[in-house]
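Each residue of the sequence shown is one higher than the last, beginning at 47 in this note's numbering. Just so you know, even glycine gets a beta-carbon here, dropped at the ideal spot from N, CA and C. Remember, it's a predicted structure, so these values are computed and weren't measured experimentally. Here is the structure we will look at.
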Amino acid sequence: MKAKIRYCLALLFLFFACSGAAPVAEDPPQLSIPQGWTLQSWTADPEVLTAAPKPPGIAFKDGKFSMSGGVNGMTGKYSAKPDGRLILKGGGMTEMAGSPAAMKAEEVFTQLFSGVTHWRIKGKALVLSNGTPEMELRFQVRAPVKAKPLTGTVWSLEGFEERGKKATSDTALVAGTTITLTIGADGRASGSAGVNRYFGKAELGEAERITFGPMASTRRGGPPEAMAQERAYLQQLKDVSSWAVTGNRLVLTGKDGSFALRFDAK
């Protein structure tokens with residue numbers, strides 16, 4: 047299964063790496079709807095999509111896209127041309143494992159997605175394709191999701207986001223690691239930092255402000271990459287100053303706006 051995940055990731059990386067320089071943003075309003083899009087059908091075995099516990103989806107906003115294969119996700123930049131061409135420039139994709147049905151659907155989706163070069167709106171549907179009817183991904187408007195509460199929800203880190211003056215870069219988690227965060231109603235913060243468990247206090251202020259105190263943790267050892275990621279996460283958590291929840295997603299932003307931690311509700 048991991049070999050299949052790596053194959054799909056390599057396919058996507060090769061496609062995006064060959065797509066040239068980062069696209070200049072063009073953002074048609076009918077494409078970048080706030081709700082985003084959920085996959086409805088594809089030109090592949092329909093039973094594979096029906097069996098998936100969670101359908102793939104995609105959202106476009108301000109020249110950036112966020113794609114989910116159902117288990118793993120990718121972010122990047124895009125440019126949607128008036129003539130129907132779609133230029134995608136993706137970053138890294140997460141490498142989490144899921145159920146066999148979910149991973150099979152994600153494998154098919156990522157293979158099809160790697161060939162996308164065109165977009166069009168047909169009725170109320172978004173169709174992504176390679177410019178021919180032989181390869182199409184048909185999406186419907188995503189149903190509204192009630193925002194999860196900040197406290198009492200188990201949040202799973204999706205990725206690290208570095209925000210520069212001219213560009214934004216995303217870093218996926220080290221393969222095989224999971225980072226979580228739970229904030230209790232009493233302000234207790236805890237979770238897994240990837241290798242060790244951590245715990246401390248979070249203080250909520252007005253206007254979606256938040257500060258985290260020093261975090262204590264267990265003292266297990268792990269692979270160098272996982273330990274480096276753990277240190278980076280706990281350091282950034284200490285420097286967080288604001289939070290925002292949209293649907294099932296939590297974003298914690300740094301004091302100077304230079305980074306963000308993106309979580310999904312488990």
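Worksheet item: Name the DSSP bridge partner or partners of E207?
Response: D216 and A306.
Discussion item. With DSSP as the reference, identify every bridge partner of L85, one or two as the case may be.
Written reply: F185, per the DSSP bridge assignment.
Practice prompt. Using DSSP bridges, identify the partner residues of K247.
Written response: By DSSP's assignment, K247 forms a beta bridge with R234.
Worksheet item: Once you ignore the five residues that flank G177 on each side, which residues in its own chain have a CB closer than 7 Å to its CB?
Response: Hits under 7 Å: T163 and H164.
Fill in: Pair within 8 Å by beta-carbon distance, V191 and N294
Yes, Cβ-Cβ distance for V191 and N294 is below 8 Å.
Worksheet item: Between T217 and the rest of its own chain, which residues show a CB-CB distance below 7 Å, the 5 nearest in sequence each way excluded?
Response: A distance below 7 Å between beta-carbons, with the five flanking residues on each side excluded, links T217 to the following residues of its chain, in chain order: G138, G205 and F206.
Worksheet item: Is the CB-CB distance between L203 and M181 below 8 Å?
Response: Between L203 and M181, the C-beta gap is not smaller than 8 Å, which leaves the two residues out of contact.
Worksheet item: If you draw a straight line from the C-alpha of F245 to the C-alpha of G268, how long is it?
Response: Cα to Cα, F245 sits roughly 19 Å from G268.
Worksheet item: Between the C-alpha atoms of Q282 and G300, what's the straight-line distance to the nearest angstrom?
Response: Their backbone Cα atoms lie some 7 Å apart in a straight line.
Worksheet entry | Under the three-state DSSP convention, the category R255 falls into | Strand, per DSSP.
Worksheet item: Do the region 247-265 and the region 273-292 make contact, defined as three or more Cβ pairs closer than 8 Å?
Response: Counting Cβ pairs under 8 Å, three or more are found: they touch.
Worksheet item: Where DSSP assigns a beta bridge to L174, which residues make up the other side?
Response: Note: L174 sits in a beta bridge opposite W165 and L183.
Worksheet item: Going by the beta-carbon positions, is the gap between I225 and T197 smaller than 8 Å?
Response: The Cβ atoms of I225 and T197 lie no closer than 8 Å to each other.
Worksheet entry | Nearest-angstrom beta carbon gap, G116 and K135 [assumed within contact, 8 Å] | Actually they do not touch by this definition, with Cβ atoms about 22 Å apart.
Worksheet item: In this structure, what does DSSP give as the bridge partners for M261?
Response: DSSP lists no bridge partner for M261.
Worksheet item: Counting along the chain, where does the beta strand (DSSP E) carrying L134 start and finish?
Response: Counting along the chain, the beta strand (DSSP E) containing L134 begins and ends at L132 to M139.
Item to complete: Have a look at S78, R166 and E208 and flag the residue whose alpha-carbon is nearest the alpha-carbon of F305.
Response: Looking at the Cα atoms, E208 is the closest of the given residues.
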